[in-house]
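**Student:** If you scroll down you'll find the structure; I have some questions about it.
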Amino acid sequence: MEKDNSRSIISDLIFLAYADGKLTDSEYDFILQIALRLDLSEAEVQDLFDKPSSTRPIFTELERISHFYKLVLLMNVDLETHEKEVIAIKNFGLKMGIRAGVFDQILQQMGQYENKIIPSDDLIKIFRTYYN
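Encoded structure:
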């Protein structure tokens, strides 16, 4: 079951990486790095590029925040934010039950940080604002 969740997470990242019509080296490297942390091999990642797994429901708040954060990091890893990526990540967030205000706040604050990467503590503060 855990392997299926890992495959689903990587498939979501692959989908987002292709949202703008291209996969950059930095996006591929980021996806591979996350996959290796999730105990997926590079061969398994290559298979997911050809045959992605379906998105699985994420049940705990921590898992939703963690997965959403990975998506935000991927969106910014190539230092370009395309409108199609914004739409795709917003749709992922809505499917995960993340309020639209959270994403809007994240988009507003990204520009304040180096490489548009919001530190995890600040990201959690954004979530707390909308969920407490």
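Going by the numbering used here, the sequence shown wraps up at 224, each residue one higher than the last. Here a beta-carbon is modelled for each residue, glycine too, at the ideal position from N, C-alpha and C.
1) Mapping DSSP to helix, strand and coil, what is Gly193?
2) Can you tell me the Cα-Cα spacing of Glu82 and Leu124, whole angstroms?
3) Check the Cβ-Cβ distances between Ile150 and every residue of chain B, and say whether any is below 9 angstroms.
4) Pop quiz: Met188 and Phe219 are said to be a contact at Cβ under 8 angstroms. What is the actual Cβ separation, rounded to whole angstroms?
5) So what's Glu94 in DSSP terms, helix, strand or just coil?
6) Cα separation between Gln197 and Glu119?
7) Taking 9 angstroms as the threshold (C-beta atoms), are Asp214 and Gln229 in contact?
8) Classify Lys225: buried if its beta carbon has 16 or more other beta carbons within 10 angstroms, exposed otherwise.
9) Whose C-beta lies closer than 8 angstroms to the C-beta of Phe107 among residues of the same chain, with five residues either side of it excluded?
10) Any contact of the stretch 94-103 with the stretch 164-174, i.e. 3+ C-beta pairs under 8 angstroms?
11) Mind checking Ala135: buried by the 16 CB within 10 Å criterion, or exposed?
12) Please look up how many angstroms separate the CB atoms of Ile101 and Leu130, rounded, as I've assumed it's under 8 angstroms.
13) With a CB to CB cut of under 8 angstroms and the five nearest residues on each side skipped, what residues in its chain are close to Arg156?
**Tutor:** For this structure:
1) The residue given as residue 193 occupies position 101 in the sequence shown. Gly193: helix per DSSP, three-state reduction.
2) Any property of residue 82 remains undetermined from this structure, which presents the chain solely from 93 to 224.
3) Any reference to chain B falls outside this structure, which holds one protein chain only.
4) Here the question's residue 188 lines up with position 96 in the sequence shown. Here the question's residue 219 lines up with position 127 in the sequence shown. Their Cβ separation, rounded to whole angstroms, is 12 angstroms, which puts Met188 and Phe219 out of contact at 8 angstroms.
5) On the sequence shown, position 2 is the one that residue 94 refers to. If DSSP states are grouped into helix, strand and coil, Glu94 belongs with the helices.
6) To locate residue 197, count along the sequence shown from 1; it is residue 105. To locate residue 119, count along the sequence shown from 1; it is residue 27. Gln197 and Glu119: Cα-Cα distance of roughly 23 angstroms.
7) This structure does not reach residue 229, given that the chain is present from 93 up to 224, and the question cannot be answered.
8) As displayed, the chain neither begins before 93 nor continues past 224, which places residue 225 out of reach and without an answer.
9) Locating residue 107 in the sequence shown gives position 15, counting from the first residue. Here the set comprises Pro144 and Ala180.
10) no
11) Taking the first residue of the sequence shown as 1, we reach residue 135 at position 43. The residue is exposed, with fewer than 16 neighbouring Cβ atoms inside 10 Å.
12) Counted from its first residue, the sequence shown places residue 101 at position 9. Counted from its first residue, the sequence shown places residue 130 at position 38. Correct: roughly 7 angstroms between the Cβ atoms.
13) Within the sequence shown, residue 156 is the residue found at index 64, counting from 1. Excluding positions up to five away in sequence, the list reads Ile150, Met188, Gly189 and Ile190.
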